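Accompanying notes for the structure given below.
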Amino acid sequence: MRHPLFFIGFLFALASGGIAAASLLGVPGAAMLPGPAGLLLLASDLGILLVLARLFFRPAAALPRRVEIQSLQRLVQIVQHGQTPTEVYHILLESAVQTVQADAAWLDLSPDYDNNRSEAIAQYYHLAPAQADALRAGLRVLGPGSEEPVINDLRLHPGFAGTAPDFRSLVRLPLHGRLLEYGTLYLLKAEPKKFDSEDLSVLQTFASQAVLSIENLALATIALHNQRTQEELKIASEVQDSLIPKKLPTDDWFEISTHSLAAKEVGGDFYDFLLLPGRRLAVLIGDVSGKGITAAFHMAQMKGIFHALMQGNPLAKNERDRFPVPSRFMTQANAALAHCLERSSFITSSLYIIDYEQGGFMFARAGHCHTLYYHALREEVFYFQSTGLGLGIIRNDSYEKHINNQFYDYGPGDVMVIYTDGIVEARGTGQEEYGEDRLKQRLEECYYQDADAIKWFILNDLNGFTTGQPIHDDQTLLVVKFKAVQPEPVA
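Letter by letter, the sequence shown follows residues 2 to 492 in our numbering.
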């Protein structure tokens, strides 16, 4: 007949395995850890099952001690409650001593693991550091490869020959991890031949459980950090989304449709609109070099610069001269960005000021993609071939020599397609790029539709071209269509 503790241990073993399975399957109420952390928890619990099997299926003469069950339970609780590696080490040392009834012990932590410190950190149990130093010196005599796990009599060991050590029996347990050596556990008894193979087997499982617990805690910490990072990125994404215009300008002269898609949680593409006096509209588009949080931060800076510089000069002689022309805006924006943009970063941008009452527009291109245009009267699609240098590349007064204005008179039915390079550089299945030629062909096929339909015609073709491929760069597309019937100019 089995000892009553057998049934307690068996139930505990089942509970441990159930916790791991529930964690991986996502059962409500279970302490679930994602990915590798969950797998380590399962491996940890399987190790407990193995040691419990060893304990509870011993012969009747070697019934398990209650302390072994309690020690394993404490190690499990540490993993589940998210304690620290220091507590795992403390429990390991204490539990190992109690389980085998050792007289003393110490635990050397590897300097490779312990925050890359130059010296190992030790924990002692009923042992003076000087005693441990003497034992270390004696154990080092035979050099690497001679670290037998059990020494039955230290006085017969070559390193201790002729000495009278306070302790005679020793168990040495390395703490091996998947990638790191975490340290070595030493347990001592005053009498010789006091450790047997059963003690070693149980202690090895304790050591394995401790290492799994430490690695599990490390993965849980990484998972928590990643979760917090994702939460911060979500907030940043929401903030960035709030900076993108939701209400598009409308008038009887034009239609506007927009699209923006970030390659990551946050992106570096931006666009904005400002209605100016005299029936004029300022349209800004840009692309910050790089991706992620830094690019998104500079995108927000550029939007702030746009609104600050386009507020108007109250000292201007007339209303139409109050606002900077596009080339002047780019020069001023370049000077402002010189103080806050990293040396390795730059911004490409284009600014259009559409004077739809006068039937024309002025624009400047700061290294940005060429504007695609459909001229209704000539029934021609072409790119504006303009020059201009990106913002932040030259950070002195000479920048104004590298930017200039262009003027163009638009007609009823004309279409302007403005975009970032994430559109034309999008890759298909063969890694070829979508390209300017294909974009031009799409506009030739759909120019007669309204602005929103033109946008979706291009995007549907782009999505078909890139099916199954990841987005490598942020994508922004603006379509401005001047209505076929233009209102009469106001006198």
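Every residue, glycine too, gets a C-beta built ideally from N, C-alpha and C.
A quick note: this is a predicted structure, and the numbers were derived from the prediction, not measured.
- In this chain, the beta strand (DSSP E) harbouring H376 covers 373-376.
- Rounded to the nearest whole angstrom, the C-alpha separation of S96 and R179 is 23 angstroms.
- Taken in chain order, the complete beta strand (DSSP E) segments of 3 residues or longer contained in the region 227-291 are 255-262, 270-277, 281-289.
- Linking D398 to A336 through their CA atoms gives a straight-line distance of about 8 angstroms.
- For the 8 angstroms CB-CB criterion, I245 and S261 form a contact.
- D356 is bridged by DSSP to R281, G361.
- Between the alpha carbons of K248 and Q231 lies a distance of about 28 angstroms.
- Under the DSSP assignment, R173 falls in the beta strand (DSSP E) whose first and last residues are 170-177.
- T430 carries a coil assignment under DSSP once its states are collapsed to helix, strand and coil.
- Here the alpha carbon of S346 sits roughly 12 angstroms from the alpha carbon of A297.
- DSSP, reduced to helix, strand and coil, places L128 outside both helices and strands of the structure shown, so it counts as coil.
- Less than 8 angstroms divides the Cβ of I152 from the Cβ of L171.
- Remark: fewer than three beta-carbon pairs, one from each stretch, lie closer than 8 angstroms, so the region 204-220 and the region 127-139 are not flagged as touching.
- Collapsing the DSSP output to three states places L478 in a strand.
- Note: W457 is not bridge-paired with any residue in the DSSP secondary-structure output.
- At the C-beta level, F458 and R443 come within 8 angstroms of one another.
- For H340, the closest alpha carbon among the candidates A365, A377, I395 is that of I395.
- Residue environment: H158 is assigned as buried (16 or more neighbouring CB atoms within 10 Å of its CB, all protein chains considered).
- In the DSSP assignment, T185 is bridged to D109, P175.
- Taken through DSSP and simplified to helix, strand or coil, A165 comes out as coil.
- Residue range 436-447 is occupied by the alpha helix (DSSP H) that includes D438.
- DSSP, reduced to helix, strand and coil, places S350 within a strand of the structure shown.
- Of the residues assessed, H369 falls on the buried side of the cut-off, its CB having 16 or more other CB atoms within 10 angstroms.
- In this structure the region 472-488 lies against the region 442-456, because at least three pairs of beta carbons, one per stretch, are closer than 8 angstroms.
- L94 is not a Cβ neighbour of Q132, given a cutoff of 8 angstroms.
- For V101, the secondary structure class from DSSP, reduced to helix, strand or coil, is helix.
- Separation of the CB atoms of L188 and A103 is rounded to 4 angstroms, and the pair is thereby assigned contact status at 8 angstroms.
- Between N406 and S351, the C-beta gap is not smaller than 8 angstroms, which leaves the two residues out of contact.
- Within the same chain, and ignoring the five residues on either side of A106 in sequence, the residues whose Cβ sits closer than 8 angstroms to its Cβ are L94, A97, V98, Y125, Y126, H127, L128, L186, Y187, L188, L189.
- Secondary structure at A221: helix, using DSSP grouped into helix, strand and coil.
- With fewer than 16 neighbouring CB atoms inside 10 Å of its own CB, P278 falls in the exposed class.
- Excluding five sequence positions before and after G268, the CB atoms of its chain that fall closer than 7 angstroms to its own CB belong to K292, A296, A297, D475, given in chain order.
- Beta-bridge partners assigned by DSSP to E381: H376.
- By the C-beta density criterion, D270 is buried, having at least 16 other C-beta atoms within 10 angstroms.
- In this structure, G184 keeps its C-beta atom at 8 angstroms or more from the C-beta atom of S243.
- DSSP, reduced to helix, strand and coil, places K195 outside both helices and strands of the structure shown, so it counts as coil.
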